[in-house]
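Here the structure comes first, spelled out in structure tokens, and everything after it is commentary.
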Amino acid sequence: MGIILSKYIAPGSRIELQKTKRYRSDNSEKNKVYASQVVDIISDDRIEISMPMEKTKLILLPVDVEYDLYFFTPNGLYQCYARVVDRYKNNNRFSLLLELTSNLRKYQRREYYRFSCALEMNSRPLQEEEVQAFESNSVILTPELPLQRSVIVDISGGGLRFVAEYAYEVESLILCKYFLWIDGENKEYNLCGKVLSVKEVDNRPGFFEHRVQYVNMDKENREEIIKYIFNEERKIIRKQNEIQ
31 MGIILSKYIA
41 PGSRIELQKT
51 KRYRSDNSEK
61 NKVYASQVVD
71 IISDDRIEIS
81 MPMEKTKLIL
91 LPVDVEYDLY
101 FFTPNGLYQC
111 YARVVDRYKN
121 NNRFSLLLEL
131 TSNLRKYQRR
141 EYYRFSCALE
151 MNSRPLQEEE
161 VQAFESNSVI
171 LTPELPLQRS
181 VIVDISGGGL
191 RFVAEYAYEV
201 ESLILCKYFL
211 WIDGENKEYN
221 LCGKVLSVKE
231 VDNRPGFFEH
241 RVQYVNMDKE
251 NREEIIKYIF
261 NEERKIIRKQ
271 NEIQ
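Every position in the sequence shown, counted from 1, becomes a number in our numbering once 30 is added.
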């Protein structure tokens with residue numbers, strides 16, 4: 031485990047942790063998630079993390095309790111289980127010492143992982159001047175042009191797939207407008223996409239499935255979409271753990 035930890039997890043990596051089912055005292059702890067970050071990798075199976083905080087209050091997680099950990103790294107999302115073995119203050123920083131109780135495992139990279147969903151989207155073909163702008167790595171979008179409705183059926187950091195009662199031309203550039211719930215707000219995205227493929231939906235005459243790749247997307251938007259997928263996937267995992 032130490033080789034994996036030192037290769038993929040580094041000081042500063044963001045963590046979310048939640049009590050495993052056997053250590054929850056009541057239903058109020060089912061969805062309690064704490065945020066922290068890695069301070070140091072101590073040994074093959076031990077890590078030091080910062081003490082979680084809520085606003086300005088330290089959360090003194092109990093010793094000998096096991097937690098479900100999720101590590102957010104540039105290489106994707108990693109998960110393992112760990113037990114709190116010590117709490118202490120080091121250089122004016124309150125820390126927890128955790129001992130891994132399972133192997134570290136990686137979730138599929140979310141940039142290209144297709145997350146199934148059902149999100150409303152509006153779209154339209156790009157105008158000629160917009161296409162020229164994108165080809166020169168500029169962004170010029172003409173506001174208030176008519177949009178057509180559709181439904182996103184899966185999304186990733188690299189593109190999306192949607193179903194509509196119309197068909198765009200393959201290789202055409204389109205504007206994709208939709209909303210995602212990010213950091214407590216419903217954020218609007220206006221992104222350019224290239225239509226890679228179009229096919230009629232089986233058993234649904236008149237409906238067409240489009241596969242789209244983002245074009246000239248900035249890093250911030252891509253990271254926010256991946257974060258949305260992280261969060262939605264984590265909600266699913268949490269519900270599955272509650273059922274077990």
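Built from N, CA and C at the ideal position, the CB exists for glycine as well.
*With distances taken Cα to Cα, identify the nearest neighbour of E195 among G106, M151, E160 and K217.*
M151
*Reducing DSSP to helix, strand and coil, say where Y258 ends up.*
helix
*Roughly how many angstroms separate the alpha carbons of N220 and L226, rounded to a whole number?*
19 Å
*What do you get for V63, buried or exposed, if any count of 16 or more other CB atoms within 10 angstroms of its CB means buried?*
exposed
_Among the candidates E254, K85 and F238, whose CA atom is the shortest distance from the CA of S186?_
E254
*Measuring CB to CB, does V68 end up less than 9 Å from E78?*
yes
*Would a C-beta distance cut-off of 9 Å place V231 and F192 closer than the cut-off?*
no
*asked:* Which same chain residues end up closer than 7 Å to V245 when comparing Cβ atoms and leaving out the 5 residues on each side of it in sequence?
replied: F164, L203, C222, G223 and K224
*Helix, strand or coil at A148 [DSSP, three-state]*: strand
*At which residue ranges does the stretch 51-122 contain complete beta strand (DSSP E) runs of 3 or more residues, listed in the order of the chain?*
64-71, 76-80, 96-103 and 106-120
*Buried versus exposed call for E160 [16 or more other C-beta atoms within 10 Å across all chains shown]*: buried
*Check each candidate in P82, K136 and R234 and name the one with the smallest Cα separation from I39.*
K136
*For N233, name the three-state secondary structure that DSSP assigns.*
coil
*asked:* What residue range does the beta strand (DSSP E) around Y194 cover?
replied: Before going further, note that residue 194 is Ala rather than Tyr in the sequence given. First-last of the beta strand (DSSP E) with A194: G189 to A194.
*Return the CA-CA distance between M31 and I72, expressed in angstroms with no decimal places.*
Unreliable positioning characterises M31 in this predicted model, as indicated by a pLDDT of 47, which lies under 50. A coordinate reading is not provided.
*Would DSSP call M31 helix, strand or coil?*
Only weak support is given to the placement of M31: the predicted model assigns it a pLDDT of 47, under 50, and the question is left unresolved by the model.
_Within 9 Å, strictly: CB atoms of Y100 and R113_ = no
*Return yes when the C-beta of E96 is under 8 Å from any heavy atom of the ligand GTP, and no when it is not.*
Inclusion of the ligand GTP in the displayed structure is not the case, the ligand content being empty and no account of it being possible.
*asked:* In whole angstroms, give me the CA-to-CA distance for K51 and C110.
replied: 14 Å
*Taking the alpha-carbon positions, what's the I33 to F124 distance?*
Confidence in I33 is poor, its pLDDT being 47 and thus under 50, which makes the residue's placement unreliable; the coordinate value appears in the next sentence. So the alpha carbons of these two residues sit roughly 26 Å apart.
*asked:* Rounded to the nearest angstrom, what separates R54 and I256 at their Cα positions?
replied: 29 Å
*Would you kindly work out how many angstroms separate the C-alpha atoms of Y258 and N120, rounded to a whole number?*
34 Å
_Beta-carbon within less than 6 Å of Q48's beta-carbon, same chain only, minus the 5 sequence neighbours each way: which residues are those?_
V63 and D98
*Out of curiosity, what's the CA-to-CA distance linking Y118 and L126?*
7 Å
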